[in-house]
Amino acid sequence: MTQPAADTSAVLTAQDSLVLASMTSPVEKELVTAWLARQRAANPAAHFDVIELPQPDAPPAVLTALAAQFESGDDRSIVPVRVFWLPPADRGRVAKVAGLLPGRDPYHPNERRQRQILRSAPYRARVVAGESAKVSELRQQWRDTTVGQEKSDFAQFVIRRAILAIERVEYRILGPQYKSPRLVKPEILASARFRAGLKKIPGATVEEAGRMLDELSTGWSRVSVDLVGVLGRALSRGFDPEFDYDEYQVAAMRAALETHPAVLLFSHRSYIDGAVLPVAMQENRLPPVHVFAGINLSFGAMGPLLRRSGVIFIRRNIGDNALYKYVLREYVGYIVEKRFNLSWSIEGTRSRTGKMLPPKLGLLAYVADAYLDGRSEDILLQPVSISFDQLHETAEYAAYARGGEKTPEGLGWLYNFIRAQGERNYGKIYVRFPEAVSMRQYLGPPHGSLVHDPDAKKLALQKMSFEVAWRILQSTPVTATGLVCALLLTTRGAALTLGQLHHTLQDSLDYLERKQIPMSTSALRLRTREGVRAAVDTLSNEHPITRVDGGREPVWLIGPDEEHAAAFYRNSVIHAFLETSIVELALAHAKRAGGDRMEAFWSQAMRLRDLLKFDFYFADSAAFRANVAEEMAWHDDWEAHVTAGGDEIEGLLLAKRPLMADAMLRVFFEAYEIVADVLRDAAADVSQKELTKAALGVGRQYVAQTRVRSSESVSTLLFTTAYQVVADQDLIAPGPGLPERRAAFRRELRDILRDCDYVGKLARAQFVAREAEARRSRPDGQAP
1 MTQPAADTSA
11 VLTAQDSLVL
21 ASMTSPVEKE
31 LVTAWLARQR
41 AANPAAHFDV
51 IELPQPDAPP
61 AVLTALAAQF
71 ESGDDRSIVP
81 VRVFWLPPAD
91 RGRVAKVAGL
101 LPGRDPYHPN
111 ERRQRQILRS
121 APYRARVVAG
131 ESAKVSELRQ
141 QWRDTTVGQE
151 KSDFAQFVIR
161 RAILAIERVE
171 YRILGPQYKS
181 PRLVKPEILA
191 SARFRAGLKK
201 IPGATVEEAG
211 RMLDELSTGW
221 SRVSVDLVGV
231 LGRALSRGFD
241 PEFDYDEYQV
251 AAMRAALETH
261 PAVLLFSHRS
271 YIDGAVLPVA
281 MQENRLPPVH
291 VFAGINLSFG
301 AMGPLLRRSG
311 VIFIRRNIGD
321 NALYKYVLRE
331 YVGYIVEKRF
341 NLSWSIEGTR
351 SRTGKMLPPK
361 LGLLAYVADA
371 YLDGRSEDIL
381 LQPVSISFDQ
391 LHETAEYAAY
401 ARGGEKTPEG
411 LGWLYNFIRA
421 QGERNYGKIY
431 VRFPEAVSMR
441 QYLGPPHGSL
451 VHDPDAKKLA
461 LQKMSFEVAW
471 RILQSTPVTA
481 TGLVCALLLT
491 TRGAALTLGQ
501 LHHTLQDSLD
511 YLERKQIPMS
521 TSALRLRTRE
531 GVRAAVDTLS
541 NEHPITRVDG
551 GREPVWLIGP
561 DEEHAAAFYR
571 NSVIHAFLET
581 SIVELALAHA
591 KRAGGDRMEA
601 FWSQAMRLRD
611 LLKFDFYFAD
621 SAAFRANVAE
631 EMAWHDDWEA
641 HVTAGGDEIE
651 GLLLAKRPLM
661 ADAMLRVFFE
671 AYEIVADVLR
681 DAAADVSQKE
691 LTKAALGVGR
701 QYVAQTRVRS
711 SESVSTLLFT
721 TAYQVVADQD
731 LIAPGPGLPE
741 RRAAFRRELR
751 DILRDCDYVG
761 KLARAQFVAR
771 EAEARRSRPD
781 GQAP
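Quick note: the sequence shown uses UniProt numbering, first residue 1, plus one each step.
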């Protein structure tokens, strides 16, 4: 038989060693025997015995016999050994998929294939030895960490340690992208820590906890790691096959992950996100992530497949199930203690509006508990921004906004989802990894004061999660899709020519460059007419832009039925224009205010920030005020102009480019105003469901009467946050003067909408002036 390349390194150097050799076939036994012979030749003084490594669930007699081996001789070194089968280096997509078939797993070939490998590629068979450990050391670890009392329990403990030691060697050979937890359930169930906590839960049993761990347990099989790219590309078909990364961010994250475990918290706009992140980690040779997902996605054959691909399915509603909460908490703690990486959407669910949702703290609290319990010196919260040029899911989101029901997941749903992905070109996928947030920085050292102060811990978690979300937003590139949809949504259904689109977009691009806000390649191409033409053509027809041909030149518009879909893209870029939009509305307010106009400007800016806090992320109050001052500092002697009021403020606004408030914020205040209008004759303590239903009806009436500019303000999604706004203004709970307070709030919103009208009028004046300038620049007097 052809032998693999000789391993001349001397592993067995101790005077008394016990080799635990995993040998599943005669071929592997021959390879291990030859390896042992080389070890003897390299170190003739070494003395060692060899026995076959049993499985952890081996019969009691086998475990007892193994335990007896640990008692013989002096303090022996235990050396785990196994044959490691390397896969072919040049496998294609078909071969990787074939690895799922029985007998075709390249990491566990059957005996026939093993002999073929030795004949044709002997280098692919390697005998590897895990790190050795003294019996006394292992016994002390066993006593310190487990509840085992019998000799067979110690034997099981040693077997698990041997398997894990070999796994560590193998993933170092394969690369960090293959690192994955093994034997999670037996390790946790045998833990003294776990059993002690279990005893505190009335009626809890080890058996029931074990079934819950079966439901949670996951891991990346090596075949699944190989298939990440194949399956990820299947789900993301229709997109550019090359993801867009910031290589500096990738390098910084790689260095950080070498030191501490991490929780990768990603923005969630599509089901594709869950496939994008594992692909991104594998492509950059980074440790795999273990992604939490709702158990509703564990259907059919997908459940077992996804579990072998790092997906941890959790129950949506755990209510008062103390045992499940405890098992989940301990599972999370075990994962981070062993320095594996977790991941989930910081928003908890998909954003159907295009903007980030508020962070959910549930799972993060479990990770914080693990950190405060001292299971890791620090845990990094790694923000991940995943964004897209386009998504086919916007049609579903638009239907949901109009009051439709969520489509239940299943095999048919999955088939239709993948099929829809291939119907057109959706552009690029952008993945960004901004600087990680240190849990130690926000929570203090492990075992610190927050362990016994739940209120302080919750506040620290909120601050920490908002910082993660803020970093996600700041790193998310503005796309051409978002900018074009934002522009066309302001025209009230009127179409624009290519020239009009091109020259109007330049002010926004100038602003983004001045603020050094990240932009996608597609957005940068809007500097050229060709780039604008490419952007609008990929969004046509009715995705969500309609192109009208047959005249002197094509024109583009967004029809009424596509406003919700277009709003999704517009909302994805609002974060870049949020503060400047608030500046414009505060200036408009100061113009019509009496008295101290500077005070009116600042108080309105802070008031708008407060009203919008449920829809958007903001810097803290001091930083927000500093950002507004910096924005205004672009205008010479701006405070004097504001103080003068009247035409001076209007001059400030006309000189400001771009004017974005009407384009970016009007629909949110319209949604708030519709809800405030419905509140006029609504009962105290009206429920969110009742208020939303009534607001949908009133909103549709107002759209039909043109009292509301567009249907995108009539949205269950916007009404959800509008309800939070009115509740925060104390307009739901019974109280003195409730009707008068509700009426006053409605008047305030109408004043804000009048300010939006005013800013919009000035923006249109800018557009007309630029159009006239463009015509003058052409000999024939036609617009470009």
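Even glycine gets a Cβ: it sits at the ideal position worked out from N, Cα and C. Since the structure is predicted, the reported quantities are computational estimates derived from the model, not experimental observations.
Short of 7 Å from the beta carbon of Ala-322, and not among the five residues preceding or following it, lie these beta carbons of its own chain, in chain order: Ile-201. The Cβ atoms of Leu-265 and Leu-361 lie no closer than 7 Å to each other.
Counting only runs of 4 or more residues that sit fully inside the segment 512-567, the alpha helix (DSSP H) segments are 521-524, 529-538, in chain order. Within the segment 20-60, the beta strand (DSSP E) runs of at least 3 residues that lie entirely inside it are, in chain order, 48-52. Each residue's CA atom was taken as its position, placing Ala-21 and Pro-181 some 21 Å apart.
Around the CB of Val-228, 16 or more other CB atoms lie within 10 Å, so the residue is classed as buried. Within its own chain, the residues whose Cβ lies closer than 6 Å to the Cβ of Ser-715, once the five positions on either side in sequence are excluded, are Ala-401, listed in chain order. DSSP, read as helix, strand or coil, puts Val-703 in helix.
In the structure shown, Trp-220 falls within a strand segment according to DSSP collapsed to helix, strand and coil. In terms of Cβ geometry, Gln-177 and Pro-288 form a close pair [threshold 7 Å]. Taking all protein chains shown into account, Tyr-123 has fewer than 16 neighbouring C-beta atoms within 10 Å of its C-beta and is therefore exposed.
Check the Cα spacing between Gln-156 and each of Glu-187, Val-169, Ile-166: the tightest is with Glu-187. The residue among Leu-659, His-108, Lys-29, Gln-390 with its C-alpha nearest the C-alpha of Val-81 is Lys-29. If you draw a 10 Å sphere on the C-beta of Arg-776, you find fewer than 16 other C-beta atoms in it, and that means exposed. DSSP places Ile-295 in no alpha helix (DSSP H); its state is neither H nor E. Pairing Met-598 with Thr-643 gives a Cβ-Cβ distance under 7 Å.
For the pair Arg-525 and Ala-663, the Cα-to-Cα distance works out to about 22 Å.
Of all alpha-carbon atoms in Tyr-371, Arg-514, Ala-593, the one lying nearest the alpha-carbon of Gly-448 is that of Tyr-371. At a Cβ-Cβ threshold of 7 Å, Ser-520 and Tyr-397 do not count as neighbours. In this structure, Tyr-426 lies near Phe-239, with their beta-carbon atoms less than 7 Å apart. Taking C-alpha positions only, Asn-541 is separated from Arg-547 by approximately 6 Å. Secondary-structure assignment with DSSP links Gly-651 through no beta bridge to anything. Straight through space, the alpha carbons of Pro-87 and Ser-132 are spaced by roughly 26 Å.
For Gly-760, the CB contacts under 6 Å within the same chain, skipping 5 residues up- and downstream, are Asp-662 in chain order. Scanning Asp-49, Val-158, Glu-579 for the CA closest to the CA of Gln-474 turns up Glu-579.
Counting only the Cα atoms, Ser-25 lies some 15 Å from Asp-105. DSSP, reduced to helix, strand and coil, places Gly-404 outside both helices and strands of the structure shown, so it counts as coil. Restricted to the segment 437-472, not a single beta strand (DSSP E) segment is unbroken, complete and at least 3 residues in length. Across the structure, Ala-683 and Glu-690 are spaced so that their CA atoms are roughly 10 Å apart. Residue Lys-428 holds the alpha-carbon nearest to the alpha-carbon of Val-276 among Glu-712, Lys-428, Arg-112. For Arg-432, no alpha helix (DSSP H) segment is defined; the enclosing uninterrupted segment is the beta strand (DSSP E) at 429-432. Taking all protein chains in view, the Cβ of Glu-393 is crowded by 16 or more other Cβ atoms within 10 Å, so the residue is classified as buried. Pro-176 sits in a helix when the DSSP states are folded into three classes.
Bounds of the beta strand (DSSP E) holding Ser-345 are 341-345.
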